[in-house]
Every structure is written in structure tokens, then in C-alpha cells.
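Colleague: Here you go, one structure.
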Amino acid sequence: MPRATRDGVSIYYEFDERPMDERRTATPVVFLQDLGYGRWMWRWQREAVAREFGAPVIAPDLRGTGRSDAGLPPLVPRLPGRLRAPLLQNVASYSVSGLAADLEAVLDDAGVHSAHLVGSGLGGMIAQQYAIDHDRAASLILCGTTHGGADADPIPDEIPNRLLASGGGSERQRLREQLRPVFTPAFTNRNPHLIEQLLEWRLEQDASRPALEAQLGAFLGFDSSAELDRIDVPTLIVHGTNDEV
Numbered sequence: 001m002p003r004a005t006r007d008g009v010s011i012y013y014e015f016d017e018r019p020m021d022e023r024r025t026a027t028p029v030v031f032l033q034d035l036g037y038g039r040w041m042w043r044w045q046r047e048a049v050a051r052e053f054g055a056p057v058i059a060p061d062l063r064g065t066g067r068s069d070a071g072l073p074p075l076v077p078r079l080p081g082r083l084r085a086p087l088l089q090n091v092a093s094y095s096v097s098g099l100a101a102d103l104e105a106v107l108d109d110a111g112v113h114s115a116h117l118v119g120s121g122l123g124g125m126i127a128q129q130y131a132i133d134h135d136r137a138a139s140l141i142l143c144g145t146t147h148g149g150a151d152a153d154p155i156p157d158e159i160p161n162r163l164l165a166s167g168g169g170s171e172r173q174r175l176r177e178q179l180r181p182v183f184t185p186a187f188t189n190r191n192p193h194l195i196e197q198l199l200e201w202r203l204e205q206d207a208s209r210p211a212l213e214a215q216l217g218a219f220l221g222f223d224s225s226a227e228l229d230r231i232d233v234p235t236l237i238v239h240g241t242n243d244e245v
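Each step along the sequence shown adds one to the number in full-length UniProt numbering, with nothing skipped, and position 91 is 91.
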């Protein structure tokens with residue numbers, strides 16, 4: 001199981017490679033997940049890209065997510081939530097620049113000199129920042145994300161509130177509530193077994209509560225608007241017309 005290390009923190013990633021004789025001609029595709037999500041988020045897309053295009057696929061766990069270490073300040077995760085959250089929302093290693101540096105460590109460890117980056121939400125922010133700060137991005141696909149800053153559409157307050165709500169039920173029930181705005185009621189009703197599988201993956205791979213709070217700070221504080229002209233690779237922007245998130 002490959003791991004990269006940055007600032008003493010171990011970052012887990014999966015690397016589905018092509019056969020040895022084909023590796024030099026295929027540019028890998030890196031999938032970067034949204035706020036708090038594990039690498040399960042891109043499960044179907046990873047399989048499709050590998051199958052249809054034969055491209056190597058890399059899927060890292062963001063720090064604090066899945067099998068990656070959290071690397072949070074000692075004792076802070078043990079504080080009560082009302083005291084912990086403000087501290088974790090300003091951790092430098094969890095800034096979008098810090099998470100982009102983690103990606104650089106992953107690509108370096110994997111021996112990859114160029115990669116297509118696909119990011120959703122927070123992952124799209126990381127992809128933007130990576131293209132600004134580093135030089136291995138071959139192209140970007142940015143899904144349901146933003147450049148942040150004063151000119152961006154504001155993020156509805158209900159998004160962070162829903163993410164951090166503890167509720168009175170189990171962790172499984174809390175995660176189920178978080179999925180409500182992600183899928184339409186019709187889709188949820190048609191696919192109950194899929195929803196249950198997603199909940200299993202989330203319980204196994206999603207960010208810990210302290211890491212989620214730190215990632216949320218990066219998400220809310222991101223602003224690449226003054227540096228967008230430094231992104232000089234082909235970029236596709238994808239957004240759902242009726243996406244309320």
C-alpha cells in the first residue's frame with residue numbers, strides 16, 4: 001500500500017497502473033474528493049477511466065481521511081467541539097495550499113511527472129491551487145467547485161451547518177442526513193441498497209470529525225481569484241444546473 005510523507009504525516013494513496021510496457025505513454029489521472037469524503041467518492045469514475053481509456057489512476061486520501069494520518073496539533077482533537085472547531089479551521093497543513101503540497105508529495109512518491117487532475121468541491125480547489133503552485137498538472141477538470149473570494153457565489157450557511165451537525169442519532173444516521181441534498185428523493189427511493197453501501201463506505205473512509213473541521217476551514221477560506229491567470233493548462237469546468245449545494 002503506497003504512502004507518501006510530508007512534514008512527518010503519512011498520506012495514503014492508491015495507484016492503479018497500466019502494464020509496465022504501457023506506462024511511459026499514458027498520463028495518469030488523479031481523482032481528488034470533496035470535503036470530508038473518502039476515496040470511495042470516485043469509485044465508479046476510476047473504474048470507467050481505467051476501462052475506457054486504459055489510463056493509470058491515482059486516488060489519494062486527503063490528510064485526516066481514510067488511511068492517511070491526521071497530523072493535527074496534539075490534544076486539540078480531544079477538546080470539546082465548540083473549543084476545537086475554531087482552532088482547527090486555521091491549521092496551515094490543512095489549508096488548500098497545504099493539501100496541494102500533499103498531492104505533490106504523492107506524485108513525487110509515485111514517480112509521476114505529469115497528471116490530469118479531476119477534483120470536486122474541495123478537490124477542485126486543491127486542483128486549482130496545485131496548478132498554481134506546482135508544475136505537474138497536465139490538465140484540470142473542476143466539478144462543482146469555486147475559486148472563492150468576494151466575487152464567488154456565497155456558500156449557503158446550511159452546508160457547513162449540516163456537515164457539523166451532531167444531531168441526536170447515530171453516526172450512520174448523521175451521515176444519512178448529510179446525503180439528503182446530494183441525491184434527489186426519487187434516486188434515493190429507487191436505490192436503497194446503493195445508499196446503504198455508500199453509508200458503509202463513508203463510515204470506513206470519511207474524514208474524522210476533527211479533520212472534517214480542519215478541511216472545512218480550508219474550504220471556506222479558499223480564494224484563488226487573484227491567481228487564476230497563472231493556471232495555463234487546459235481546464236474543463238463542470239457544474240450541475242440544479243445543483244443547490
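Cβ atoms here follow ideal geometry from the backbone N, Cα and C, with glycine treated the same way.
All figures in this text were calculated on a predicted structure; none of them were measured in a lab.
1. Do Ala105 and Ala137 have their C-beta atoms closer together than 8 Å?
2. What did DSSP end up calling Val91 once you bin it into helix, strand or coil?
3. Jot down the residue ranges of each uninterrupted alpha helix (DSSP H) in the stretch 136-160, minimum 4 residues, whole runs only, in chain order.
4. Determine the contact status of Ala26 and Pro56, defining contact as a CB-CB distance below 8 Å.
5. Our contact map puts Ala218 next to Leu72 with C-beta atoms below 8 Å; I'd like the distance itself, whole angstroms only.
6. With DSSP run on the structure shown, which of helix, strand or coil describes Ser10?
7. In angstroms, rounded to a whole number, what distance separates the CA positions of Ile195 and Phe187?
8. With DSSP run on the structure shown, which of helix, strand or coil describes Thr5?
9. Assuming Gly124 and Thr145 make a contact with CB atoms under 8 Å, what is their CB distance in whole Å?
10. Look at Ile132 and Ile231 and say whether their C-beta atoms are less than 8 Å apart.
11. Rank Gly149, Val76 and Phe15 by C-alpha distance to the C-alpha of Ala50 and give the top, closest one.
12. Check this for me: beta carbons of Arg63 and Ser95, under 8 Å apart or not?
13. Which residue from Asp243, Asp206 and Phe222 puts its Cα closest to that of Gly66?
14. What residue range is occupied by the uninterrupted beta strand (DSSP E) comprising His116?
15. Compute the minimum distance between the beta carbon of Gly124 and the heavy atoms of the ligand MN, and state whether it is under 7 Å.
16. Let me check understanding here. Comparing Cα to Cα, which of Ile141, Gly111, Pro77 and Ala110 lies closest to Leu122?
17. Does DSSP put Pro60 in a helix, a strand or coil?
18. If you draw a straight line from the C-alpha of Gly36 to the C-alpha of Val182, how long is it?
19. Please report the straight-line C-alpha distance between residue 329 and Arg174, rounded to a whole angstrom.
Modeller: Here's the rundown:
1. Position 105 of the sequence shown, counted from the start, is the residue given in the question as residue 105. Position 137 of the sequence shown, counted from the start, is the residue given in the question as residue 137. Result no, Cβ atoms of Ala105 and Ala137 do not sit closer than 8 Å.
2. Here residue 91 corresponds to residue number 91 of the sequence shown, with the count starting at 1. Val91 falls in the coil class under three-state DSSP.
3. none
4. Counting from one through the sequence shown, the residue named residue 26 turns up at place 26. Counting from one through the sequence shown, the residue named residue 56 turns up at place 56. Yes, they are a contact pair.
5. Within the sequence shown, numbered from 1, the residue matching residue 218 stands at position 218. Within the sequence shown, numbered from 1, the residue matching residue 72 stands at position 72. The pair is not a contact, with the Cβ atoms about 13 Å apart (cut-off 8 Å).
6. Looking up residue 10 in the sequence shown gives position 10. Note: Ser10 maps to strand in three-state DSSP.
7. On the sequence shown, residue 195 is found 195 positions in, with the first residue counted as 1. On the sequence shown, residue 187 is found 187 positions in, with the first residue counted as 1. Whole-angstrom Cα-Cα distance: 9 Å.
8. Taking the first residue of the sequence shown as 1, we reach residue 5 at position 5. If DSSP states are grouped into helix, strand and coil, Thr5 belongs with the strands.
9. Position 124 of the sequence shown, counted from the first residue, corresponds to residue 124. Position 145 of the sequence shown, counted from the first residue, corresponds to residue 145. Rounded, the Cβ-Cβ distance is 3 Å, consistent with contact.
10. Position 132 of the sequence shown, counted from the start, is the residue given in the question as residue 132. Position 231 of the sequence shown, counted from the start, is the residue given in the question as residue 231. With a cutoff of 8 Å on beta-carbon distance, Ile132 and Ile231 are scored as near each other.
11. Along the sequence shown, one-based indexing puts residue 50 at 50. Nearest C-alpha to Ala50: Phe15.
12. Counting from 1 along the sequence shown, the entry for residue 63 is found at position 63. Counting from 1 along the sequence shown, the entry for residue 95 is found at position 95. In this structure, Ser95 does not lie closer than 8 Å to Arg63 by Cβ.
13. Mapped onto the sequence shown, residue 66 falls at position 66. When only C-alpha atoms are compared, the closest one is Asp206.
14. In the sequence shown, counting from the first residue as 1, residue 116 sits at position 116. Ala115 to Ser120 is the span of the beta strand (DSSP E), which, as asked, contains His116.
15. The ligand content of the structure shown is nil, which means the ligand MN is not present either.
16. Residue mapping note: residue 122 aligns to position 122 of the sequence shown, counting from 1. When each option's Cα is compared against that of Leu122, the closest is Ile141.
17. Against the sequence shown, residue 60 aligns to sequence position 60. If DSSP states are grouped into helix, strand and coil, Pro60 belongs with the strands.
18. The residue given as residue 36 occupies position 36 in the sequence shown. The residue given as residue 182 occupies position 182 in the sequence shown. Going by the C-alpha atoms only, they are around 14 Å apart.
19. Because the chain spans 1 through 245 in this model, residue 329 falls outside it and cannot be assessed.
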